[in-house]
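Sequence positions in the sequence shown follow our numbering and run 210 to 418. Written out below as structure tokens is the structure these notes cover.
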Amino acid sequence: MKMAMAAAATSYFSSASASGILLYALFLAGTHGEATEVATSEVPSILPVCKTVGGGSTFFDVQFCLEALGSDDRSANAGTDYRAYSGIAADLLAANATSTAAKIGALLRERGGGGGGGGKGDGGATTRCLRSCQALYGGVVRRQPGCAAAVRGRRDDGEATRCLEEAAGAAEGCEAGFGKSKVASPVAMENDDAFKLAKLAVALLSMAH
Ligand SMILES: *[C@@H]1O[C@H](CO)[C@@H](O)[C@H](O)[C@H]1NC(C)=O
């Protein structure tokens, strides 16, 4: 059984690209009992999809797409349905924005919202940036369920795209605030993930018909 699966994977990746090889390695790890269900069960459907949208993107790469879509069980049944994948990416973005907003809230509480500005020698710049991020992510969290519904609704892909681009812009804006204030961003990774997930959802939607 494992041999047959490995053989299938071998032929599947015979046009081996860097990411194909990487996933094939994950696949092999999976046959040795490690936790790579995603790679084994979902690679056949998401690899070509992620190559299509990630190959030419300046915003995210194939690997990011594989990890994002691969993290959601629904990808296993989405076949070549780009709209379904875009909806999944939009849902991942919503989850991401929710947890990022919570992290920002916690960071602000840690710094103490009081009159002191909460600065740690930066004149309160970090706190001000975090407050601006809190507003930006608050907007994303409120709008994101509607974005995902618009993606799935087929009625107005232009509106769905604008909705997702706004989320990308919010993540970008949050990060840029720290840059302008010349203070380290405590949410750099979260901004990067949210930005890429939004751009991934846009790219997947642009391939839907
Ligand atoms: C946010 O998205 C990234 C990229 O898909 C993922 O690795 C991470 O686990 C997500 N975090 C949450 C809390 O959803």
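Just so you know, even glycine gets a beta-carbon here, dropped at the ideal spot from N, CA and C.
Distance cut-off 6 Å: residue i Cβ against heavy atoms of ligand 1
{"i": "Ser266", "result": "no"}
{"i": "Ala415", "result": "According to the sequence shown, residue 415 is Ser rather than Ala. For ligand 1, not one heavy atom lies less than 6 Å from the Cβ of Ser415."}
{"i": "Ala277", "result": "yes"}
{"i": "Ala311", "result": "no"}
{"i": "Ala305", "result": "Ala is not the amino acid found at residue 305; the sequence shown has Asn there. Yes, the beta carbon of Asn305 sits closer than 6 Å to at least one heavy atom of ligand 1."}
{"i": "Asp402", "result": "yes"}
{"i": "Ser308", "result": "yes"}
Within 7 Å, strictly: CB atoms of residue i and residue j
{"i": "Lys405", "j": "Phe269", "result": "yes"}
{"i": "Ala334", "j": "Ala410", "result": "no"}
{"i": "Ala344", "j": "Asp300", "result": "no"}
{"i": "Ala369", "j": "Leu302", "result": "no"}
{"i": "Leu263", "j": "Val271", "result": "In the sequence under discussion, the amino acid at residue 263 is Gly, which differs from the Leu named in the question. In this structure, Val271 lies closer than 7 Å to Gly263 by Cβ."}
{"i": "Glu424", "j": "Thr309", "result": "Residue 424 cannot be examined here, being either before or after the span of the chain that is shown, 210 to 418."}
{"i": "Arg320", "j": "Thr307", "result": "no"}
{"i": "Thr403", "j": "Asn305", "result": "At residue 403 the sequence reads Ala, which differs from the Thr that was named. In this structure, Asn305 lies closer than 7 Å to Ala403 by Cβ."}
{"i": "Cys338", "j": "Gly388", "result": "no"}
Of the listed residues the options, nearest to residue i (C-alpha basis)
{"i": "Ser295", "options": "Ala403, Arg320, Leu278", "result": "Leu278"}
{"i": "Glu384", "options": "Gly264, Arg320, Arg340", "result": "Arg340"}
{"i": "Ser394", "options": "Ile313, Ile255, Lys408, Gly321", "result": "Ile313"}
{"i": "Gly378", "options": "Phe273, Asp401, Ala359", "result": "Asp401"}
{"i": "Glu381", "options": "Ser415, Tyr346, Leu413, Gly367", "result": "Tyr346"}
{"i": "Leu275", "options": "Gly388, Ser254, Ala304", "result": "Ser254"}
{"i": "Asp366", "options": "Arg318, Thr307, Val258, Ala417", "result": "Ala417"}
{"i": "Ala359", "options": "Gly321, Leu414, Leu317", "result": "Leu414"}
{"i": "Leu316", "options": "Gly332, Gly330, Ala293, Cys342", "result": "Cys342"}
{"i": "Arg363", "options": "Ala285, Ala293, Ser284", "result": "Ala293"}
Cβ-heavy atom distance, residue i to ligand 2, below 6 Å
{"i": "Val262", "result": "Only ligand 1 can be found as ligands here, which leaves ligand 2 out of the picture."}
Legend entry - Given 8 Å, three or more beta-carbon pairs between the stretch 344-360 and the stretch 273-289: The stretch 344-360 vs the stretch 273-289: no contact.
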